[in-house]
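**Student:** Got a structure for you, questions after.
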Amino acid sequence: MSPTYTAGSLVNARGREWVVLPESASGMLVLRPLGGGEDDVTAVFPAFEEVRCAQFAAPSPSDLGDQRAAGLLRTALRIGFRSGAGPFRALASIAVEPRAYQLVPLLMALRQRTVRLLISDDVGIGKTVEAGLIVKELLAQGEASRLAVLCSPSLAEQWQGELREKFGIDAELVLASTVSRLERGLELGQSLFDRHPFTIISTDFIKSTRHREDFVRNCPDLVVVDEAHTCVAADDAQGPASSSTSQLRYELLRRIAADEDRHLLLLTATPHSGKESAFRNLLGLVRPDLATVDLESPAGRARLAEHFVARKRADVRQYLTKEDGLADDSLVERTAFPSDRWTKDEPYKLTPVYRALLDDAIAYAADRVETAGRQGKREARIAWWSVIALLRSMVSSPAAAARTLETRSESAAARTAVEADALGAPLTRDSSDSDRLEGMDVAPGAAESEQGDPRLRELASRAAELYGPASDAKLKALTAHLKSLIADGYSPIVFCRYIPTAEYLATHLEKKLGTKTRIAAVTGTLSPQQRLERIEKLAAEDADDPAVRRVLIATDCLSEGVNLQHAFDAVIHYDLAWNPTRHDQREGRVDRYGQKRDQVRVITMFGEDNGIDGKVLEVLFAKHRQIKKDLGISVSVPDETASGVTDAVVEWLLLHGRQGTQEGLFDLDSHQESFDRMEREWNSAAERERTSRSKYAQRAIHPEQVAREVTAVRAALGGSGEVRDFVLEALRDLDAQVRDPRDGSGDFAAQVGGTPAGVRDGLAAVLGGRIVEEDREIPFRTSPAIGRGEAALVRTDPAVGALASYVLDSALDANTPGPRPARRCGVVTTDAVTIRTTLLLVRYRFHLTLPSRTGERQIVAEDARLLAFEGLPSRARWLDDDAASALLGARAAANTHEQLARNQITRTLDGLPELSGHIAEYGVALAADLDASHRRVRKADTSDRAEIVRGLKVVPQEPADVLGVYVYLPQQPATVSAPLVTGAEA
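And the structure:
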């Protein structure tokens, strides 16, 4: 009869040691390799395979390591942990080290039975990471089993990359372009969402009723909605653009949110969007009662605080400080956001020939609007959108002007005035809704018939003759600005409104900016994936040459969704948008967390004599900048308000022509009304935002609570710097050829042809056999976004894991041939101690009983701890955790006599039984701390959430494993020479 093994016990099978897991049953053992991850779990049947109890052997006194042995062994051990014993089960298995402030939404989520959060942190703070942390944790705890992310099409690929690279979640893209392919792989009657548990769904997917209904019926138990403000409309929203699309999404989300057991995360940097009713509708999706709760009362605000987090950069630039209520600044975390944007408005004047063309275009536009006004409302609206298209393209570039003059207007096909507005507005106005950016960078048409207007054809011919800096003063000015930025070491992005303009600039700037400048254009003619590939190619071109600068020319297809801060650090607005929010979106691509420059430069170009740019800048942008200066954040102007102002600009220009361009814009009462309405509505939105940031500031989680959990996480898992140091030291010790450029990036490269066979085999399995066989250089990068054949310096990277596994296995097996970086014993003579001190590396295992909505889960988790004492084991004086950790930094001050080293380590190893009592007590205390941490994180202060902690239990498995024993001796005066033990000998 086979012996019975309890969960958490050690067994030996298949030539290695395993931990028995709770999922084991009679006749079958579910095992995880000692120090292995969830991917290594396997089932063994004792009736058919030999399984025996394993006793963890004590270290051997004859196998001594040097001063770095303890640190290397501890890091190798911790890298192997894929699920910690603490309350954050997922942090050990992600490829990103979150900032302390990014743990706040996670702490809020763990206190809710069903997670419902509105995360409204400022642009660039890291809402995607915050959502990813919650998603990964809910999946790891078994609180969720399936995931759907709803986002705009332009954001889908980025979401997929973030989830895969940082959180190890492989999600399927469900786009209008992929649905047919995905459905061909389904079985009869099977839903797309049953087949693929993790999906990223573009919002255009729900436009199909069949797909929308399928999604609602088979909706996952965890849903994330990005840019959630685009999914709700104000109760008084007007116009086809605001009503149809937003209402469709809102109804979908209402049906999804109606399931009270479904987790729902709403992400947006602009929860108000200028409308209080839209904000209330958004809150109603989180919890129905929040739509009507009295937010003026303390109780109402406290209720909202449980589900709403909104912080600006100033709130988190320095976090966990004395100003946050902590006792000191020992845990302060400084986040490297750019300190400020250097902004400048740069005017240009049209050349006489271009001025003449624009004057004639304005005259044509005025005549066309006047004539159409006498023909009927439909004709008037068609003419209006054609005129706006003409004027906007004319001030963009001669290429955009020529294309627009030759193209039929979208609105010309309209049968009614309302339909004309629906067709014309999206292509000619700059909506703040990022979901409307796809396809909006094409040059709009101005012709109203297939045959075209002879006057338009004549204008188009003249525009085509103005290509180049001789006639195009705007292009000439851009070249000068680019040369200045490049000379100062910047790599800028030039944003244009239209595809023809971007292509025109790319053609004319080629070879005009020096031999060390690389140029590429990205427009809506490329798919989202092709855009990313072109950007990556540009960033990688001559990446080893620090003198190379890059210029990216882009339309607004890149103003949302793609993070460009790692390759670019300046923005030029070549075309002035008609909504300041669009400029914020553009600048936010580079001005965000991860930008290495302290100051991002922004240049806004405007035509001071074209009759349009100066007025838009004077009215819309001046107000926007003043509000941002007062509040520290941007407040979006409602689309319809911005449109009202720009309509007034165009009306004024058509009425007064060139003669009116130097006069005050709002001298007439009719235009003053548009300005006054904008002033009222924008001031109201700014006041609501000011109130929101003060009244509804995140107060559910106190910084002191975050500090406590950050300390625990760092103690258990270490940091990213530890991983880099480990990989660098281990590779060098294993005879790899390492090239560390020390350029501040933290990246380095290694050739592993000279390393032991076990190292080469492990790396070949994850990086590719040819790379290792041909002894190619392997880049190790600090960024988790890596290419084929590269390794990321994060604990979850397979190459890092393979290296850690070899270091750990070779330390445990003294018979391993070749170099062994880590050893289980060591004796170091150092001036870091004044009395004989011993450091123990101890591995604890814990039985965790974790309550969840689906019942209790039994888990076995591991933790590695450092314990230290002064004196001999029989009279040990135990040190605190900080003193124990500090010993890892001790360096040898002198060589140690060989016999003395053996005597000292033997005496300590013989005394281990006398230490077992304290080691066990430490395990009990650690279990109690873990229990308290789980309860603290899941704090249940109301009865309806008490089940979050009911039944929670943490029990240590005894005995603990003593993996390493390291003795530190104080330096003594020199005596008679004798054989020495050195780090090299070890």
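The letter at position 72 of the sequence shown is residue 105 when you use my numbering, and the numbering goes up by one with no holes.
All C-beta atoms in this analysis are idealised placements derived from N, C-alpha and C, irrespective of residue type, glycine included.
Rounded to the nearest angstrom, what separates R691 and G165 at their Cα positions?
**Tutor:** What you label residue 691 is simply residue 658 of the sequence shown in a count that begins at 1. What you label residue 165 is simply residue 132 of the sequence shown in a count that begins at 1. Here the model assigns R691 a pLDDT of 48, short of 50, so the residue's position is not dependable and the matter cannot be decided.
**Student:** Taking three-plus beta-carbon pairs below 8 angstroms as touching, is the segment 178-192 in contact with the segment 217-233?
**Tutor:** yes
**Student:** Locate the alpha helix (DSSP H) running through Q562, then write down its first and last residues.
**Tutor:** Locating residue 562 in the sequence shown gives position 529, where the first residue counts as 1. Per DSSP, Q562 belongs to the alpha helix (DSSP H) from P561 to A573.
**Student:** Using three-state DSSP, classify F528 as helix, strand or coil.
**Tutor:** Along the sequence shown, one-based indexing puts residue 528 at 495. Strand.
**Student:** By Cβ distance below 7 angstroms, which residues in the same chain neighbour D203 in space, the five residues on each side in sequence not counted?
**Tutor:** Within the sequence shown, the letter at position 170 stands for residue 203. Excluding positions up to five away in sequence, the list reads R197 and F231.
**Student:** Can you give the Cα-Cα distance for R772 and R869, rounded to whole angstroms?
**Tutor:** Within the sequence shown, numbered from 1, the residue matching residue 772 stands at position 739. Within the sequence shown, numbered from 1, the residue matching residue 869 stands at position 836. So the two alpha carbons sit approximately 38 angstroms from each other.
**Student:** Among L110, Q174 and F781, which has the Cα closest to the Cα of T887?
**Tutor:** The sequence position of residue 887 within the sequence shown is 854, counting from 1. Out of L110, Q174 and F781, Q174 has the C-alpha closest to the C-alpha of T887.
**Student:** With DSSP run on the structure shown, which of helix, strand or coil describes M638?
**Tutor:** Numbered from its first residue, the sequence shown carries residue 638 at position 605. Looking at M638 - three-state DSSP - the assignment turns out to be strand.
**Student:** Can you check DSSP and say which residues form a bridge with A782?
**Tutor:** Position 749 of the sequence shown, counting from 1, holds the residue named residue 782. DSSP lists R772 and P812 as the bridge partner or partners of A782.
**Student:** Helix, strand or coil for H296? Go by DSSP, reduced to three states.
**Tutor:** Counting from one through the sequence shown, the residue named residue 296 turns up at place 263. Strand, per DSSP.
**Student:** CB-CB under 7 angstroms to A450, same chain, minus the five flanking residues each way: which ones, in chain order?
**Tutor:** On the sequence shown, position 417 is the one that residue 450 refers to. Only K410, R411 and R414 meet the Cβ criterion.
**Student:** Sorted by chain position, which residues of the same chain lie with C-beta nearer than 6 angstroms to S275's C-beta, five sequence neighbours on each side aside?
**Tutor:** What you label residue 275 is simply residue 242 of the sequence shown in a count that begins at 1. The predicted position of S275 is uncertain, since its pLDDT is 47 and thus under 50; no value can be drawn from it.
**Student:** Identify the continuous alpha helix (DSSP H) that holds R619 and give its terminal residues.
**Tutor:** Residue numbering aside, residue 619 sits at position 586 when the sequence shown is read from its first letter. Unbroken alpha helix (DSSP H) run through R619: P613 to E620.
**Student:** From the beta carbon of A901, is the nearest beta carbon of chain C less than 7 angstroms away?
**Tutor:** The structure shown contains no chain C, having only a single protein chain.
**Student:** Would you kindly report the start and end of the unbroken beta strand (DSSP E) that includes S990?
**Tutor:** Residue mapping note: residue 990 aligns to position 957 of the sequence shown, counting from 1. Looking at the sequence shown, residue 990 is not Ser but Gln. Per DSSP, Q990 belongs to the beta strand (DSSP E) from K986 to P1003.
**Student:** Taking the CB atoms as reference points, tell me whether A422 and A493 lie closer together than 7 angstroms.
**Tutor:** To locate residue 422, count along the sequence shown from 1; it is residue 389. To locate residue 493, count along the sequence shown from 1; it is residue 460. Against a cut-off of 7 angstroms, the Cβ pair of A493 and A422 comes out as no contact.
**Student:** When burial is assigned at 16 or more other CB atoms within 10 Å of the CB, is K656 buried or exposed?
**Tutor:** On the sequence shown, position 623 is the one that residue 656 refers to. Answer is buried; the Cβ neighbour count reaches 16.
**Student:** In whole angstroms, what is the alpha-carbon distance linking V63 and T147?
**Tutor:** One-based indexing of the sequence shown puts residue 63 at position 30. One-based indexing of the sequence shown puts residue 147 at position 114. The straight-line gap from Cα to Cα measures roughly 31 angstroms.
**Student:** May I have the straight-line CA-CA distance separating E220 from T301, to the nearest angstrom?
**Tutor:** In the sequence shown, counting from the first residue as 1, residue 220 sits at position 187. In the sequence shown, counting from the first residue as 1, residue 301 sits at position 268. So the two alpha carbons sit approximately 37 angstroms from each other.
**Student:** Kindly indicate the opening and closing residues of the alpha helix (DSSP H) around V386.
**Tutor:** Counting from 1 along the sequence shown, the entry for residue 386 is found at position 353. Counting along the chain, the alpha helix (DSSP H) containing V386 begins and ends at P385 to G406.
**Student:** List the DSSP bridge partners of D474.
**Tutor:** Here residue 474 refers to the residue found at position 441 of the sequence shown. Its beta-bridge partners do not exist; DSSP assigns none.
**Student:** Taking contact to mean at least 3 C-beta pairs separated by less than 8 angstroms, is the segment 600-612 in contact with the segment 634-651?
**Tutor:** yes
**Student:** I'd like the list of long-range same chain contacts for Y819, defined as Cβ closer than 6 angstroms, with 5 residues on each side in sequence excluded.
**Tutor:** Within the sequence shown, the letter at position 786 stands for residue 819. Reading off the sequence shown, one finds Ile at residue 819, where the question assumed Tyr. A825, listed in sequence order.
**Student:** Please check the pair L499 and L391, which I expect to be a contact at CB under 8 angstroms, by giving their CB distance rounded to whole angstroms.
**Tutor:** For the purposes of this step, residue 499 is taken as residue 466 along the sequence shown, with counting starting at 1. For the purposes of this step, residue 391 is taken as residue 358 along the sequence shown, with counting starting at 1. Not quite, the Cβ-Cβ distance comes to about 10 angstroms (not below 8 angstroms), so this is no contact.
**Student:** Leaving out five residues on either side along the sequence, give the residues of the same chain with a beta carbon under 6 angstroms from the beta carbon of A123.
**Tutor:** What you label residue 123 is simply residue 90 of the sequence shown in a count that begins at 1. Cβ neighbours of A123 beyond the five flanking positions: K169, E170 and A173.
**Student:** Check the DSSP bridge columns for A894 and list the partner residues they point to.
**Tutor:** Translated into positions along the sequence shown, residue 894 becomes position 861. Looking at the DSSP assignment, A894 forms a beta bridge with F879.
**Student:** Would DSSP call K656 helix, strand or coil?
**Tutor:** Here residue 656 refers to the residue found at position 623 of the sequence shown. K656 falls in the helix class under three-state DSSP.
**Student:** Throw me the rounded Cβ distance for the S907 and E947 pair, which I believe falls under 8 angstroms.
**Tutor:** Position 874 of the sequence shown, counting from 1, holds the residue named residue 907. Position 914 of the sequence shown, counting from 1, holds the residue named residue 947. About 6 angstroms; that satisfies the 8 angstroms criterion.
**Student:** Can you tell which of V875, Q1005 and F879 has its C-alpha closest to the C-alpha of V998?
**Tutor:** Stepping through the sequence shown from its first residue, residue 998 is reached at position 965. The option with the nearest alpha carbon to V998 is V875.
**Student:** Among residues of its own chain, excluding the 5 on either side of D199, which ones have a beta-carbon nearer than 8 angstroms to its beta-carbon?
**Tutor:** Position 166 of the sequence shown holds residue 199. According to the sequence shown, residue 199 is Lys rather than Asp. Taken in chain order, the residues that qualify are I127, A128, V129, V162, G165 and P817.
**Student:** Using C-beta distances below 7 angstroms, list every residue in its chain close to R916, excluding the 5 sequence neighbours before and after it, in chain order.
**Tutor:** The residue labelled residue 916 in the question sits at position 883 within the sequence shown. Reading the sequence as shown, one finds Ala at residue 916 and not Arg. Contacts found: A901.
**Student:** If you run the structure through DSSP and keep just helix, strand and coil, what is H606?
**Tutor:** To locate residue 606, count along the sequence shown from 1; it is residue 573. Of the three classes helix, strand and coil, the one that applies to H606 here is strand, per DSSP.
**Student:** Can V756 and R853 be called in contact, C-beta distance under 7 angstroms?
**Tutor:** Mapped onto the sequence shown, residue 756 falls at position 723. Mapped onto the sequence shown, residue 853 falls at position 820. No, the pair does not count as a contact, with Cβ atoms beyond the cut-off.
**Student:** Among L337, T263 and V987, whose alpha-carbon lies nearest the alpha-carbon of A311?
**Tutor:** Position 278 of the sequence shown, counted from the start, is the residue given in the question as residue 311. Closest option to A311, Cα to Cα, is T263.
**Student:** If we count Cβ pairs, one from each stretch, closer than 8 angstroms, do we get three or more for the segment 935-950 versus the segment 103-116?
**Tutor:** no
**Student:** Look at the alpha carbon of E370 and the alpha carbon of V633, and state the distance between them as a whole number of angstroms.
**Tutor:** One-based indexing of the sequence shown puts residue 370 at position 337. One-based indexing of the sequence shown puts residue 633 at position 600. Checking the sequence shown, residue 370 turns out to be Phe, not Glu. Roughly 10 angstroms separates the two Cα atoms.
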